[in-house]
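Residue numbers (the working numbering), protein chains in the order written: chain A, 1292 to 1632; chain B, 1292 to 1632. Backbone N, C-alpha and C fix where the C-beta goes; we use that ideal spot for every residue, glycine too. Here the structure is a predicted model, which is why all the values come from computation and not from measurement. As structure tokens, the structure follows; a few thoughts come after it.
2 protein chains.
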Amino acid sequence: MLTERQRMILNAIVDDYIRSAEPVGSRSISKRGGVGFSPATIRNEMADLEELGFLEQPHTSAGRIPSTKGYRYYVDHLVKLEEVNEGDLLRVRSFFAKKMNQMEQIIQHAAMILSNMTNYTSIVLGPETFDNSLRAFQLVPLNDSSAVAIIVTNTGHVENRTISIPPDFDMSELEKVVNILNTKLAGVPLHRLQSKLFSEVGEELGRYVDHCEMIMDSLGKALSSESEHRVFLSGASNMLTQPEFKDVDKVKTIMDWLDETPVLMKAFTSLPSGIQVRIGSENDHDAIHTCSLITASYSIDGKSLGTIGLLGPTRMDYGKVISLLDVLSKDMAVLLGRWYK
Amino acid sequence: MLTERQRMILNAIVDDYIRSAEPVGSRSISKRGGVGFSPATIRNEMADLEELGFLEQPHTSAGRIPSTKGYRYYVDHLVKLEEVNEGDLLRVRSFFAKKMNQMEQIIQHAAMILSNMTNYTSIVLGPETFDNSLRAFQLVPLNDSSAVAIIVTNTGHVENRTISIPPDFDMSELEKVVNILNTKLAGVPLHRLQSKLFSEVGEELGRYVDHCEMIMDSLGKALSSESEHRVFLSGASNMLTQPEFKDVDKVKTIMDWLDETPVLMKAFTSLPSGIQVRIGSENDHDAIHTCSLITASYSIDGKSLGTIGLLGPTRMDYGKVISLLDVLSKDMAVLLGRWYK
DNA sequence: CGTTAGCACTCGTTAGCAGTGAGTGCTAAC
DNA sequence: GTTAGCACTCACTGCTAACGAGTGCTAACG
Chain A
1292 MLTERQRMIL NAIVDDYIRS AEPVGSRSIS KRGGVGFSPA TIRNEMADLE ELGFLEQPHT
1352 SAGRIPSTKG YRYYVDHLVK LEEVNEGDLL RVRSFFAKKM NQMEQIIQHA AMILSNMTNY
1412 TSIVLGPETF DNSLRAFQLV PLNDSSAVAI IVTNTGHVEN RTISIPPDFD MSELEKVVNI
1472 LNTKLAGVPL HRLQSKLFSE VGEELGRYVD HCEMIMDSLG KALSSESEHR VFLSGASNML
1532 TQPEFKDVDK VKTIMDWLDE TPVLMKAFTS LPSGIQVRIG SENDHDAIHT CSLITASYSI
1592 DGKSLGTIGL LGPTRMDYGK VISLLDVLSK DMAVLLGRWY K
Chain B
1292 MLTERQRMIL NAIVDDYIRS AEPVGSRSIS KRGGVGFSPA TIRNEMADLE ELGFLEQPHT
1352 SAGRIPSTKG YRYYVDHLVK LEEVNEGDLL RVRSFFAKKM NQMEQIIQHA AMILSNMTNY
1412 TSIVLGPETF DNSLRAFQLV PLNDSSAVAI IVTNTGHVEN RTISIPPDFD MSELEKVVNI
1472 LNTKLAGVPL HRLQSKLFSE VGEELGRYVD HCEMIMDSLG KALSSESEHR VFLSGASNML
1532 TQPEFKDVDK VKTIMDWLDE TPVLMKAFTS LPSGIQVRIG SENDHDAIHT CSLITASYSI
1592 DGKSLGTIGL LGPTRMDYGK VISLLDVLSK DMAVLLGRWY K
């Protein structure tokens, strides 16, 4: 589709623009090492590339900048993935070598490292607990009208809810409830807990325990709140260092988008696994039409657990970021793999 | 210290400036209803107020703006606390009337409401768990080399850590461990758990359970990580709407500050209880010398639980925000009071 | 003596305008 | 097919002039 020379020129323009954030002119490309053509020739090719939709011109007398389509071609065919540099690799490895005993801490910290190393904004989704299954259930009474319900999943994830207990309930019966729930619900996936509770456990429970309707009711409600997985952000302020966002209004819409956890989550779930690059207008949400979002889901045994993402201007250092995300997501999968087994 | 007229003028200037974000001139004050003086008189007083340090002049031919000292005087002596308006009050009340069964959700949501209602950035510190005491301890085995340790406190707060288990450990012994730990450690404050574990439980445990050294060790480590209370941010992007922060560089330092959870936490803990107003340079951290931070700790029975805060430009709507924070922190205390008892 | 009208002065802001230079598209020659 | 040459465009810079909001000072007023 593109001639070898066109590809070379497109590649040069994208590379230059990523470095400088300024429209690239024909002269500066011609002067590059390894390019044996005059500015005029380059100009002709650039005009062609613009007509094909790979380049854009901010105004008549300016150089060219890549369009979304241009970046897309660059990412798909031209980009040379950089080896992650020694220092960064060391940082990642030493981070994952650390012993940690709180999942949240790990993820939070990973997000921080990522944003620090790239100067972009990192977004990390914690492991999906949706299809975890119940390993253990526990009830701890707090006072005579409430208790904490604790759910431990097969992956070691712990959720807790506060539930109400009828005032006339005999606390010593709680143990019975816990036992019945554990035997009946062990191994059931979280998203089926609620329906299973009502369909199979309710009756059984009623047979052995008095006044359990209210508990059932309260438990049912507690289980309904879908176990939303947490979103960790880091380095949002990095957006402000990008020259394309020196205008406050532009960055405001992006920050608003970042503030909206639900929207953000929607953009992240239902992503195909592996590394995904969404460039500019390819993003579903208008607010980030001037941004690129690169995501990598970390998975284990082919099952996707969660997602790591980086948000930056379309003029992103794809070569560096993609390979870094690759390394990080794989290391993360390994770590969590150890964790789970 | 100040004459009645000076107070009136200072009050007018602060009010005007809070509304308009523009330096206030003598004429506009003179034209206000209820002010019976000519611009010239006002000018004389303004010159005096500037000499006293309450006002500043951005440049010779501009109006005056309040200095930190001016705001301080305003907040201490002049501000008229607005009644929280009907709509807002309704929103707060209906929010707290909702039944919720996850503490984190409540706090997160409260932060959101607060930032939405004020258009400032809200910062909420979750309840301090430091001096909670242990109500129940539980161990759930995950596989043959690790288990989840779960700690429930008297306030219903749940913490969990993953710990290692020696490969040759008999899983059926776990129950013994749990029992011993529960009887020995129930009622012990979290911050004393670790030392208590080593000083009193270790020996006892060794008597009944084989190979427990590694478990002790792992547990000890897990308990050492101080239960940092979580920080919830909302509406960081609101900063970008303030005219004083239309310059990206200024807002960058503030955003960086917000990104640094530890620094932020330090600024929040060890605050006196009640409503605190920190204006401009009164703030410890340089990054927010152009901001005001208003905090209210929510407490129950005189014991401080956590803190709600609002960050905005020094030109903040103190009258509105202070009363709103007052209402919110009290409602929050009531809600958590119900929760805990 | 406090208050006020008048006035010169300051200084940031805006608009207009010429000059500069980077970069282009086109054409004709190599 | 490639390139040198050239006219053209247009953002950007620096300069000047006009504007106006607001001040400080002085002198007059009640």
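In this structure the segment 1561-1573 of chain A lies against the segment 1352-1367 of chain A, because at least three pairs of beta carbons, one per stretch, are closer than 8 angstroms.
Within a 10 Å sphere around the beta-carbon of residue 1350(A) sit fewer than 16 other beta-carbons, which makes this residue exposed.
Between the alpha carbons of residue 1442(A) and residue 1419(A) lies a gap of roughly 15 angstroms.
Boundaries for residue 1308(B): no beta strand (DSSP E) harbours it, while the alpha helix (DSSP H) harbouring it runs 1295-1311, taken from the DSSP string.
For the segment 1358-1392 of chain A, the set of residues with a beta-carbon nearer than 7 angstroms to any beta-carbon of chain B comprises 1392, in chain order. Within its own chain, the residues whose Cβ lies closer than 6 angstroms to the Cβ of residue 1353(A), once the five positions on either side in sequence are excluded, are 1314, listed in chain order. Residues of chain A with a Cβ closer than 8 angstroms to the Cβ of residue 1453(B) are, in chain order, 1392, 1393, 1394, 1447 and 1630. Taken through DSSP and simplified to helix, strand or coil, residue 1346(A) comes out as strand. Counting the other Cβ atoms within 10 Å of the Cβ of residue 1357(A) gives 16 or more, which makes it buried. Within the segment 1562-1602 of chain A, complete beta strand (DSSP E) segments of at least 3 residues are found at 1566-1570 and 1582-1591, given in chain order.
Straight-line measurement puts the Cα of residue 1293(A) at about 20 angstroms from the Cα of residue 1316(A). Residues of chain A whose Cβ lies closer than 8 angstroms to the Cβ of residue 1532(B) are, in chain order, 1543. Neighbours of residue 1513(B) in chain A, taken as residues whose beta carbon is under 7 angstroms from its own, are 1392 in chain order.
Using a CB distance below 8 angstroms, no part of the segment 1403-1417 of chain A faces chain B. If you keep only unbroken alpha helix (DSSP H) runs of at least 4 residues inside the segment 1474-1543 of chain A, you get 1481-1487, 1493-1499 and 1504-1515.
Counting only runs of at least 4 residues, the segment 1368-1427 of chain A fully encloses the following alpha helix (DSSP H) elements, listed from N- to C-terminal order: 1377-1388 and 1394-1409. Around residue 1441(A), the beta-carbon contacts reaching into chain B at under 8 angstroms are 1429, 1441, 1443 and 1449. Closest by C-alpha distance to residue 1497(A), out of 1464(A), 1390(A) and 1608(A), is 1464(A).
Chain A has a Cβ within less than 8 angstroms of the Cβ of residue 1546(B). Counting only the Cα atoms, residue 1340(B) lies some 11 angstroms from residue 1360(B). When the Cα atoms are used, residue 1429(A) and residue 1630(B) turn out to be separated by approximately 19 angstroms. Three or more Cβ pairs closer than 8 angstroms define a contact, and the segment 1401-1420 of chain B meets that threshold against the segment 1590-1601 of chain B. Nothing from the segment 1558-1586 of chain A brings a Cβ to less than 9 angstroms from some Cβ of chain B.
Three or more beta-carbon pairs separated by less than 8 angstroms are not found between the segment 1380-1394 of chain B and the segment 1505-1516 of chain B, which leaves the two stretches without contact.
Under the DSSP definition of a beta bridge, residue 1434(A) partners with 1437(A). For residue 1464(B), the secondary structure class from DSSP, reduced to helix, strand or coil, is helix.
The alpha-carbon of residue 1425(B) is positioned some 20 angstroms away from that of residue 1432(B). Taking residue 1584(A) as the centre and dropping the five residues before and after it, the same chain places the C-beta of 1569, 1574, 1600 and 1602 closer than 7 angstroms to its C-beta, in chain order. If you ignore the 5 residues before and after residue 1551(A), its C-beta comes within less than 6 angstroms of no other C-beta in its own chain. When C-beta atoms of the segment 1445-1458 of chain A are compared with those of the segment 1437-1451 of chain B, three or more pairs fall below 8 angstroms, so the two segments count as touching. Residue 1541(A) sits away from residue 1373(A), with the two beta carbons spaced by 8 angstroms or more. The Cβ of residue 1498(A) sits no closer than 8 angstroms to any Cβ of chain B. Pairing residue 1485(A) with residue 1511(A) gives a Cβ-Cβ distance under 8 angstroms. Nearest to residue 1561(B) by alpha-carbon distance, out of 1581(B), 1579(B), 1588(B) and 1399(B), is 1588(B). Going by DSSP, residue 1455(B) is part of the beta strand (DSSP E) stretching over 1449-1455.
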